[in-house]
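Undergrad: Count along the sequence shown starting at 1, add 2, and that's the number in the numbering used here. Think of the CB as a built atom: it goes at the ideal place given N, C-alpha and C, for glycine as much as any other residue. Just so it is clear, the structure is predicted and the values come from calculations on it, not from any experiment. Pasting a structure here, questions to come.
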Amino acid sequence: MQARRLLLKDGVQTEAVRQFAQGNWFLWNRIEPLDHQPLVYEWATPASDCRIRYVDDHRLGLKWFDVEGPRCEATIELIRRSLPVYERAEILTLCSEARTEAEGIWAAYKLAVTAGPTFDPELFGCFGDLANHRDAGVRRAAIYAMEQARWREFAGIAEPMAEDDPHEDVRARAAALVRALQ
3 MQARRLLLKD GVQTEAVRQF AQGNWFLWNR IEPLDHQPLV YEWATPASDC
53 RIRYVDDHRL GLKWFDVEGP RCEATIELIR RSLPVYERAE ILTLCSEART
103 EAEGIWAAYK LAVTAGPTFD PELFGCFGDL ANHRDAGVRR AAIYAMEQAR
153 WREFAGIAEP MAEDDPHEDV RARAAALVRA LQ
């Protein structure tokens with residue numbers, strides 16, 4: 003069973019998540035953050051039918067839950083009712099309305115966290131929008147987001163970037179992505 007991911011909205015503090023979890027689940031594991039490793043908490047429901055993994059990625063500035071198990075729907079609903087999470091439509095809007103470099107990069111990072119391992123045509127369009135953004139920083143962030151999801155379909159976006167992008171570093175990253183997808 004594939005884990006379901008819930009991206010927390012900006013401003014949600016890890017301490018608030020920890021207190022919320024303490025009242026609902028059993029702590030199973032805690033992994034301390036390092037330079038290239040996020041803070042991770044892992045909990046289980048009292049019936050042990052759902053595993054909850056919380057990630058506070060200080061590199062991206064994002065926090066999310068991965069929830070999996072045979073009866074995870076109730077846990078997902080509890081999280082949605084108790085903590086502010088991004089809805090799919092909000093991520094789509096962030097990507098389509100990104101005008102500045104900062105907005106585009108932020109949208110790409112959120113898209114990277116939101117996209118699962120299974121191809122999603124609607125989210126694929128968001129990757130394409132960001133890959134065609136006028137700012138090179140956004141295009142680099144879009145490549146980063148594609149590297150996280152690793153859908154084979156990204157070759158259709160990355161190949162033209164590897165050949166035609168005006169910035170050498172964007173071309174190089176896109177070429178590396180194309181090779182990784184083969």
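1) Flag this pair as touching only if the stretch 150-169 and the stretch 122-137 have three or more C-beta atom pairs under 8 Å; answer yes or no.
2) Roughly how many angstroms separate the alpha carbons of Leu-179 and Gly-25, rounded to a whole number?
3) Between which two residues does the beta strand (DSSP E) containing Glu-44 stretch?
4) Mind checking Tyr-171: buried by the 16 CB within 10 Å criterion, or exposed?
5) Taking the alpha-carbon positions, what's the Leu-94 to Ile-81 distance?
6) Compare the beta carbon distance of Met-163 and Ala-133 with 8 Å and say whether it is the shorter of the two.
7) Tell me whether the stretch 141-152 and the stretch 107-121 touch, counting them as touching only if at least three CB pairs, one residue from each stretch, are closer than 8 Å.
8) May I ask you to list the residues that DSSP assigns as paired with Asp-59?
9) Have a look at the DSSP bridge pairing and note the partners of Val-87.
10) To which residues does DSSP link Ile-54 through a beta bridge?
11) Tell me the rounded alpha-carbon separation between Lys-11 and Pro-86.
12) Please tell me whether Leu-62 and Leu-9 are closer than 8 Å, where the distance is taken between their beta carbons.
13) Tell me which same chain residues have a C-beta within less than 6 Å of the C-beta of Ala-125, skipping the five on either side of it?
14) Would you tell me roughly how many angstroms separate the C-alpha atoms of Asn-31 and Val-57, rounded to the nearest one?
15) Suppose you measure from the CA of Glu-2 to the CA of Ala-138; what does that come to, to the nearest Å?
16) With DSSP collapsed to three states, give me the class of Arg-152.
TA: On the basis of the coordinates in this document:
1) yes
2) 43 Å
3) 41-46
4) Per the sequence shown, residue 171 should be read as Asp rather than Tyr. Flag for Asp-171 reads exposed.
5) Counting only the Cα atoms, Ile-81 lies some 21 Å from Leu-94.
6) For Met-163 and Ala-133, yes; Cβs fall inside 8 Å.
7) yes
8) As DSSP reads the structure, Asp-59 sits in a beta bridge with Leu-64.
9) Leu-10
10) Trp-45, Val-69
11) When rounded, the distance between both Cα atoms is 6 Å.
12) Taking 8 Å as the cut-off, the beta carbon of Leu-62 is found no closer than this to the beta carbon of Leu-9.
13) In the sequence as presented, Ala is not what sits at residue 125; that position holds Leu. Closer than 6 Å at the Cβ level, and outside the excluded window around Leu-125, lie Ala-117.
14) For Asn-31 and Val-57, the gap between their C-alpha atoms comes out near 12 Å.
15) Examination of residue 2 is not possible in this model, given that the chain is present from 3 through 184 alone.
16) coil
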